[in-house]
Amino acid sequence: MQELHDAPLAPLTTFRLGGPATRLVTATTDDEVIAAVREADAAGTPLLVIGGGSNLVIGDKGFDGTALVVAIKGVTLDGTGLELAAGEVWTDAVAACVEAGLAGIECLAGIPGSAGATPIQNVGAYGQEVASTITEVVAYDRRSGETVTLSNEECAFSYRHSRFKADPERYVVLRVRFRLEDADGMSGPVRYAETARVLGVAPGERVPLATARDTVLKLRAGKGMVLDPEDHDTWSAGSFFTNPILDDETFAAFRTRVRERLGDGVEPPAYPAGDGLTKTSAAWLIDKAGFTKGYGSGPARISTKHTLALTNRGDATTEDLLALAREVVAGVRDAFGITLVNEPVMVGVGL
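Using our numbering, the first residue of the sequence shown is number 341, and each one after it goes up by one.
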């Protein structure tokens, strides 16, 4: 187990932002992770758990406590069963499953971060989310002081949410188990309209696994959503805001605001999200509120490829980023009466 003091955290995040941690521990086994967590808890020391750093916004002052990098490695494939240690690189795991001919996560290719982070916010994109394939999550329960195994149902997955996200101080994910599908080298049913259009198939059809993965990677790259150290459009946390889910009354009021602002013939994006609920597009809201691709003149700007990505142009501070995020939130609220919610975890800061 490696230990450093007054250690910079910015290099551990995809934003490349944030001040140092008082203490930085890197743990490579379940036992090391548990020991580090127990030590911090026993001493009453604040604890920040870091995986791939792709969903973190750390304040410029850093973190006064122990930052724990979960670097446990291990991939086990048994038939259609997959177990990933929390520190495995997610994109590598997707590639391995495609190579093995197993469907279920191929459309989650290119998402940065670690396997252990995927159940926390129920990672999803292009018509797939991990909730549909996760069977169990093994985690250390800081409340009971024991290692527990939670079933899919016990994880309480919903859109970009889970039991782990609802109670962020309780669990530290150690490994994640999935049940994938052997569809003779074919993908899962293509469910996302953009992906189906680019593939030239109808929604619900299947394509070769590698074709689905490669198509998603190209779509993500075109939106600056595949990490590239040389491209500041990718120095981000991906989608900075979640898509709003509105009840019928709120959605009706929103449609009225849209017509008043944009004209009687304009309809906002609308997708069924459960009984009496409708999901709309955060990217559409941001764009129609006047924050177009490339918006901003400072060191933090909206991506030139995707309005949902806020980016560090190389010399931004966290406060620069937050100032831009607050401007976007206020502008969308003023234009449409909807308050956007940040997707990344905020450490020592907030909107």
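All residues carry an ideal CB built from backbone N, CA and C; glycine is no exception.
For residue i, which residues of its own chain have a beta-carbon under 8 Å away from its beta-carbon, when the five flanking residues on both sides are left out?
i: T535; result: C447, Y466, G467, A552, T555, V556, L559
i: N336; result: Residue 336 falls outside the range modelled here, since the chain spans only 341 to 691, and no answer is possible.
i: K413; result: T368, A425, G427, E428
i: H501; result: Q461, N462
i: T487; result: D370, I374, V478, A479, Y480, D481, L514
i: E494; result: R503
Cutting at 7 Å between CB atoms, please list the residues of its own chain near residue i, excluding the five before and the five after it.
i: E469; result: N462, V463
i: P360; result: D346, A347, P348, L349, G402
i: A523; result: A443, R546
i: R519; result: T420, G421, T473, T475
i: G307; result: The question about residue 307 has no answer, for the chain in this structure spans 341 to 691.
i: V538; result: T555, L559
i: S621; result: N583, P609
i: V415; result: L424, E428, A433, A436
Buried or exposed: residue i, going by 16 or more other Cβ atoms within 10 Å of its Cβ?
i: P569; result: exposed
i: K628; result: buried
i: A542; result: exposed
i: A506; result: exposed
i: D371; result: exposed
i: K645; result: buried
i: Y611; result: exposed
i: P459; result: buried
i: T679; result: exposed
i: T353; result: buried
i: A592; result: exposed
i: G358; result: buried
i: P684; result: buried
Quick check: what's the CA-CA separation for residue i versus residue j?
i: A561; j: T574; result: 9 Å
i: G624; j: T582; result: Checking the displayed sequence, the identity of residue 624 turns out to be Trp instead of Gly. Cα-Cα distance, rounded: 12 Å.
i: E343; j: A455; result: 23 Å
i: G614; j: F497; result: 14 Å
i: G540; j: A550; result: 15 Å
i: A457; j: A426; result: 7 Å
i: I451; j: G392; result: 10 Å
i: F580; j: V598; result: 22 Å
i: V668; j: D660; result: 13 Å
i: I445; j: C437; result: 8 Å
i: V365; j: K619; result: 40 Å
i: I390; j: L586; result: 32 Å
i: G564; j: T431; result: 16 Å
i: G298; j: Y532; result: The shown model of the chain, from 341 to 691, leaves out residue 298, and the question about it has no answer.
i: R653; j: L691; result: 20 Å
i: E379; j: T368; result: 16 Å
i: T751; j: V530; result: The structure shown does not extend to residue 751, since the chain is modelled only from 341 to 691, so the question has no answer here.
i: S484; j: F504; result: 15 Å
i: R595; j: A670; result: 19 Å
i: F355; j: M341; result: 26 Å
i: L662; j: N395; result: 14 Å
i: A407; j: N682; result: 22 Å
i: E600; j: E521; result: 47 Å
i: T590; j: V672; result: 15 Å
i: G384; j: E509; result: 13 Å
i: H299; j: L617; result: Residue 299 lies beyond the stretch modelled for the chain, which goes from 341 to 691, so this question has no answer here.
i: Y511; j: M686; result: 17 Å
Can you name, in chain order, every residue of its own chain whose Cβ lies under 6 Å from the Cβ of residue i, other than the five neighbours on each side?
i: V478; result: T489, L514, R515
i: S527; result: A443, E446, R546, V547, L549, A552
i: A449; result: V434, R553, V556, L557
i: I374; result: Y480
i: A656; result: P639, A640
i: P386; result: G405
Determine which residues share a DSSP beta bridge with residue i and list them.
i: A361; result: A347, F403
i: V418; result: First, the residue type needs correcting, since residue 418 is Asp and not Val in the sequence shown. Beta-bridge pairing links D418 to G421.
i: Q468; result: A465
i: L387; result: T406
i: N652; result: A640
i: V513; result: A479
i: I678; result: Note: I678 sits in no beta bridge, so no partner.
i: T366; result: Q342, V409
i: M686; result: V397
i: K619; result: I585, Y611
i: P548; result: M526
i: F518; result: L422, I474
i: H501; result: S498
Just checking my contact of residue i with residue j at CB under 8 Å: how many whole Å lie between their CB atoms?
i: T647; j: V397; result: With 8 Å as the limit, T647 and V397 do not qualify as a contact, their Cβ atoms being about 18 Å apart.
i: G399; j: V689; result: 4 Å
i: S576; j: A675; result: Incorrect: roughly 23 Å between the Cβ atoms, too far for contact.
i: A440; j: L417; result: 6 Å
i: V410; j: R482; result: About 14 Å; that fails the 8 Å criterion.
Could one say the Cβ of residue i lies closer than 7 Å to chain C's Cβ atoms, at least one of them?
i: P360; result: The question asks about chain C, but that chain is absent: this structure has only one protein chain.
Could you tell me if the beta carbon of residue i falls within a distance shorter than 6 Å of some heavy atom in the ligand NAD?
i: D588; result: Only the bare structure without any ligand can be found here, which leaves the ligand NAD out of the picture.
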